[in-house]
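**Student:**
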Amino acid sequence: MIVDDLAAHFRVTPQTIRRDMNLLSTRNLLERFHGGARPPSPSENTQYDIRRRTMAAQKKAIARAAANQIPNGASLFITIGTTTEAVAQCLIGHRDLRVTTNNLNVAGMLAQQTDFEVLVTAGIVRNEDNGIVGQSAIDLFDSLRVDYAIIGISGINLNGELLDFDFREVRAAQTVVRNADKVFLVADSSKVERKAMVRMGHFRDLDMLFTDEPLPSELATIADEERVEVKVVAIP
Numbered sequence: 009m010i011v012d013d014l015a016a017h018f019r020v021t022p023q024t025i026r027r028d029m030n031l032l033s034t035r036n037l038l039e040r041f042h043g044g045a046r047p048p049s050p051s052e053n054t055q056y057d058i059r060r061r062t063m064a065a066q067k068k069a070i071a072r073a074a075a076n077q078i079p080n081g082a083s084l085f086i087t088i089g090t091t092t093e094a095v096a097q098c099l100i101g102h103r104d105l106r107v108t109t110n111n112l113n114v115a116g117m118l119a120q121q122t123d124f125e126v127l128v129t130a131g132i133v134r135n136e137d138n139g140i141v142g143q144s145a146i147d148l149f150d151s152l153r154v155d156y157a158i159i160g161i162s163g164i165n166l167n168g169e170l171l172d173f174d175f176r177e178v179r180a181a182q183t184v185v186r187n188a189d190k191v192f193l194v195a196d197s198s199k200v201e202r203k204a205m206v207r208m209g210h211f212r213d214l215d216m217l218f219t220d221e222p223l224p225s226e227l228a229t230i231a232d233e234e235r236v237e238v239k240v241v242a243i244p
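In terms of the working numbering, the sequence shown opens at residue 9 and continues consecutively.
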């Protein structure tokens with residue numbers, strides 16, 4: 009839930025929405041993040057269909073910006089996540105890409121392109137989102153070196169930590185980060201200050217961050233210190 013969207017919907021000022029959000033947050037009925045609020049974080053991730061629909065316009069704009077940075081002929085990893093899937097959709101129209109993924113949704117989209125080479129990891133398929141996890145996925149990622157990694161995340165701490173829910177997915181993502189020349193994180197603003205149990209990495213692991221709102225000052229400072237290029241996209 010974004011402050012400006014709610015203000016427009018209810019025809020009130022953003023200050024009114026922020027005040028109400030703060031009140032609900034003190035009662036543990038909402039969890040605030042920079043620019044909006046969400047239901048309190050559970051110990052497990054939100055259902056896939058809900059995640060796919062949440063912030064859909066923002067994800068599409070983020071995905072388009074990230075895909076524009078990928079040249080024809082590149083090799084890349086694409087990990088599990090609804091925003092990474094949006095990036096895959098935006099890569100249709102590129103030429104001669106070599107993609108390795110542990111996301112069957114991504115593989116299904118990109119396998120339609122006759123000049124793409126799509127390599128899918130082995131492992132256990134999660135029923136809820138068609139993500140592939142397990143040691144076999146990690147082993148394949150660890151055997152390759154690619155130009156770009158496109159990764160998503162469930163939460164971003166103000167100290168720059170990148171957080172997620174499934175330790176098996178995190179281990180695969182960590183391997184991807186180690187074996188890519190450039191790492192692109194695609195994450196909408198609702199991920200900022202969202203809590204999750206498993207530490208995936210840190211801003212220092214990234215080359216570029218694509219998001220839809222300016223970062224809070226603490227994160228902006230860390231991005232500058234770690235030389236992470238932040239692309240804030242415009243939402244149509």
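Heads up, the beta-carbon is just placed ideally off N, CA and C, and yes, glycines get one too. Given the structure is predicted, the values throughout are model-derived calculations rather than measurements.
1) Helix, strand or coil for residue 130 per DSSP?
2) Taking the beta strand (DSSP E) that residue 217 falls in, what are its first and last residues?
3) Out of 123, 191, 141, which has the shortest C-alpha to C-alpha gap to residue 155?
4) How many Å lie between residue 43 and residue 232 at the Cα?
5) If you reduce the DSSP assignment to three classes, tell me which class residue 83 lands in.
6) If you pair each beta-carbon of the region 89-101 with each one of the region 154-174, do three or more pairs fall below 8 Å?
7) Can you list, in chain order, the residues of its chain with a C-beta nearer than 6 Å to that of residue 127? Leave out the 5 residues immediately preceding and following it.
8) With DSSP run on the structure shown, which of helix, strand or coil describes residue 141?
9) Is it a yes or a no for the region 193-203 touching the region 162-176, going by three-plus beta-carbon pairs under 8 Å?
**Tutor:** Let's see:
1) Here residue 130 corresponds to residue number 122 of the sequence shown, with the count starting at 1. Residue 130 falls in the coil class under three-state DSSP.
2) In the sequence shown, counting from the first residue as 1, residue 217 sits at position 209. Annotation: the continuous beta strand (DSSP E) that includes residue 217 extends over 216-219.
3) Within the sequence shown, the letter at position 147 stands for residue 155. Nearest of 123, 191, 141 to residue 155, Cα basis: 191.
4) In the sequence shown, residue 43 corresponds to position 35, counting from 1. In the sequence shown, residue 232 corresponds to position 224, counting from 1. Using only the alpha carbons, I get a separation of about 21 Å.
5) The residue given as residue 83 occupies position 75 in the sequence shown. Of the three classes helix, strand and coil, the one that applies to residue 83 here is strand, per DSSP.
6) yes
7) Within the sequence shown, residue 127 is the residue found at index 119, counting from 1. Excluding positions up to five away in sequence, the list reads 108.
8) Position 133 of the sequence shown, counted from the start, is the residue given in the question as residue 141. DSSP places residue 141 in strand when its eight states are reduced to three.
9) yes
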